[in-house]
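Undergrad: Counting in this note's numbering, the sequence shown runs from 18 upward without gaps. For glycine and all other residues, C-beta sits at the position ideal for the given N, C-alpha and C. Shown below is the structure under consideration.
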Amino acid sequence: MEKTPMRLVTRFAALSVFLFAAACGGDDGGGDITLTPDADTTPSPDAPQQVTCTADSSYGTVTPAQQFGQADAATNPTQLVWGATLNADTMPDIVQLELYKGLGAFTNTEIVPGNYPLTGEELNYETCGVCVIFYTDADLNGTAFADNYFVTGGTVNITSVSPNITGTLTNLTLEHVTIDEANNYHSTPVGDGCNSAITSLAFDATVQTQ
């Protein structure tokens, strides 16, 4: 049985490095992030469980910021990633489109332009060749993020993969998931009701090679 291709080691680090470089150009007022618990953290058995969703329920029509493209080769890459920030928060939400030769829509083909409905194998991070994933509340040092959201539907239209990766994301829906890196990056819905969406997003970024 053919082994699942390795996911990009830098799948989150690629954008975090870019964000860190951008952050270095700003003011120097930042510091370490300290998480302070509430004064009383004892759960009440009678209180309903509160769920805090870290992604917006919908980002609407997005104008992406700080876009980047990265591939493992200049010609016929096996891994190609585009990413950008979805908002201007201090700890922004990040969207990434990750393309993998040998999986999903690219099982028997190179990574090529085309119109790709997000169905079937594209709906799990373990099996997708055209993968759309969120990293919420990502810090600019690239060391952490809050949650992953993975696509449950929509369409990716790729018009170019070199020298720029260009195209559109349309009518995307996503849900909060966990990703098991020890189990071929299998994604599992959390089932907490945390869902998100993008109505449309046009992307265009120069592809850098590793």
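(1) Please classify V163: does DSSP put it in a helix, a strand, or coil?
(2) Tell me which residue opens and which closes the beta strand (DSSP E) that D197 is part of.
(3) Where DSSP assigns a beta bridge to A82, which residues make up the other side?
(4) Would you list the one or two residues that DSSP bridges to P206?
(5) With the cut-off set at 8 Å, would you say V224 and I182 are in Cβ contact?
(6) Give me whichever residues DSSP pairs with C145 in a beta bridge.
(7) With three or more beta-carbon pairs closer than 8 Å as the criterion, would you say the region 121-138 touches the region 156-163?
(8) Considering only their Cβ atoms, is the gap separating T169 from L191 smaller than 8 Å?
(9) Would you grab the beta carbon distance between T144 and L114 for me? Rounded to a whole angstrom, and I think it's under 8 Å.
(10) If we call anything under 8 Å between Cβ atoms a contact, is N212 one with S74?
(11) Of the residues T80, A122 and Y152, which one's Cα is nearest the Cα of L186?
(12) Buried or exposed, going by whether 16 or more other CB atoms sit within 10 Å of the CB of P180?
(13) Below 7 Å CB to CB, which residues in the same chain sit around T78 once its five sequence neighbours on both sides are set aside?
(14) Tell me whether G210 is buried or exposed, calling it buried when 16 or more other Cβ atoms sit within 10 Å of its Cβ.
(15) Rounded to a whole number of angstroms, what is the C-alpha to C-alpha distance between G137 and V147?
(16) In angstroms with no decimal places, state the Cα-to-Cα distance between T195 and P206.
(17) Whose CA, out of N125, I150 and T126, lies closest to the CA of L135?
(18) Can you name the residues that DSSP bridges to Q225?
(19) Take P109 as the anchor and find which of Y202, F167, N188 and A82 has the nearest alpha-carbon.
(20) Figure out for me which residue from T107, I111, A91 and A90 has the closest Cα to the Cα of G100.
TA: So, from the listed chains and residues:
(1) According to the sequence displayed, residue 163 carries Ala and not Val. In the structure shown, A163 sits in coil (DSSP, three-state: anything other than H, G, I, E or B).
(2) Run containing D197: N181 to D197, per the beta strand (DSSP E) assignment.
(3) Answer is T102.
(4) P206 is bridged to V194.
(5) yes
(6) In DSSP, C145 forms no bridge with anything.
(7) no
(8) yes
(9) Contact flag wrong, Cβ pair sits at about 16 Å.
(10) For N212 and S74, yes; Cβs fall inside 8 Å.
(11) Checked all of T80, A122 and Y152; the closest Cα to L186 is T80.
(12) exposed
(13) T216 and S217
(14) exposed
(15) Taking the CA atoms as reference points, G137 sits about 11 Å from V147.
(16) 7 Å
(17) I150
(18) Q87
(19) A82
(20) I111
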